[in-house]
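Chemist: Could you have a look at this structure, given as structure tokens, before my questions?
Shown next as structure tokens:
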């Protein structure tokens, strides 16, 4: 089922659809986007609500490549066949940039990799997505806009920048950030006391 877009926004969504690229799974996680597996395996069961992106679980095996190549070809050459498989591959290729993204999706229950290394999964989706684009009428177009709008909120961008610039898997990085915050607070307190000492004169001796 294709989500309906208000008439006044159709042109806007159509013009921007090709330019809206969803962040990778790792970047979404850094921006406080929760990633969970959908309740069904339907390719259409991708949704975003209340900061949670739900993606249908998929088993990555040797048969997957030929299956999706056939589905993409069928949708391309048959009018009215829909765009679910093409849109799904486009989406997955966007959120999978490297092996870390695959590992994260695996930990969320979205991907079950039976092909060996995580890098193999990255290469698979890169190959499947060659020469395909997101149809402006795809239901995933709306999901892309919602996720992008959420990630561009100041709080999410600030948190993503912090996680991106500091390796929080390293305890020394965590300690360095805590120390920096402590020094920042200490500087503020010292500045406040300096201002108060200047504004409020000390009591005179002898009353």
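Residue numbers (my numbering): 59 to 265.
The beta-carbon is built from N, C-alpha and C at its ideal position, and this holds for glycine as well.
1) Leaving out five residues before and five after residue 175 in sequence, what residues of the same chain have Cβ atoms less than 8 Å from its Cβ?
2) When the Cβ atoms of the stretch 193-206 are set against those of the stretch 170-185, are three or more pairs found closer than 8 Å?
3) Using DSSP with H/G/I as helix, E/B as strand and the rest coil, what is residue 95?
4) Among 136, 205 and 142, which has the Cα closest to the Cα of residue 99?
5) Thinking C-beta only, is residue 144 closer than 9 Å to residue 105?
6) Buried or exposed for residue 126, please, with buried defined as at least 16 other CB atoms from any protein chain shown within 10 angstroms of its CB.
7) Identify whether residue 171 lies in helix, strand or coil by the three-state DSSP scheme.
8) Could you give the DSSP three-state label for residue 113: helix, strand or coil?
9) Once DSSP output is grouped into helix, strand and coil, what is the label at residue 236?
10) Under the DSSP definition of a beta bridge, which residues are partnered with residue 16?
11) Can you give the Cα-Cα distance for residue 75 and residue 207, rounded to whole angstroms?
12) State the DSSP-derived secondary structure class of residue 55, mapped to helix, strand or coil.
13) Can you give the beta carbon distance from residue 83 to residue 162, rounded, assuming they're within the 8 Å contact cut?
14) For residue 245, name the three-state secondary structure that DSSP assigns.
15) Could you give the first and the last residue of the continuous alpha helix (DSSP H) run that contains residue 28?
Modeler: Taking the definition as stated:
1) 157
2) no
3) strand
4) 142
5) no
6) buried
7) strand
8) strand
9) helix
10) Any question about residue 16 goes unanswered here, given that the chain covers just 59 to 265.
11) For residue 75, the predicted structure reports a pLDDT of 47, less than 50, and the residue's modelled location is therefore unreliable. A value from the coordinates is still provided. Rounded to whole angstroms, residue 75 to residue 207 spans 14 Å at the Cα level.
12) Any question about residue 55 goes unanswered here, given that the chain covers just 59 to 265.
13) 5 Å
14) helix
15) What is shown of the chain runs 59 to 265, which leaves residue 28 out entirely.
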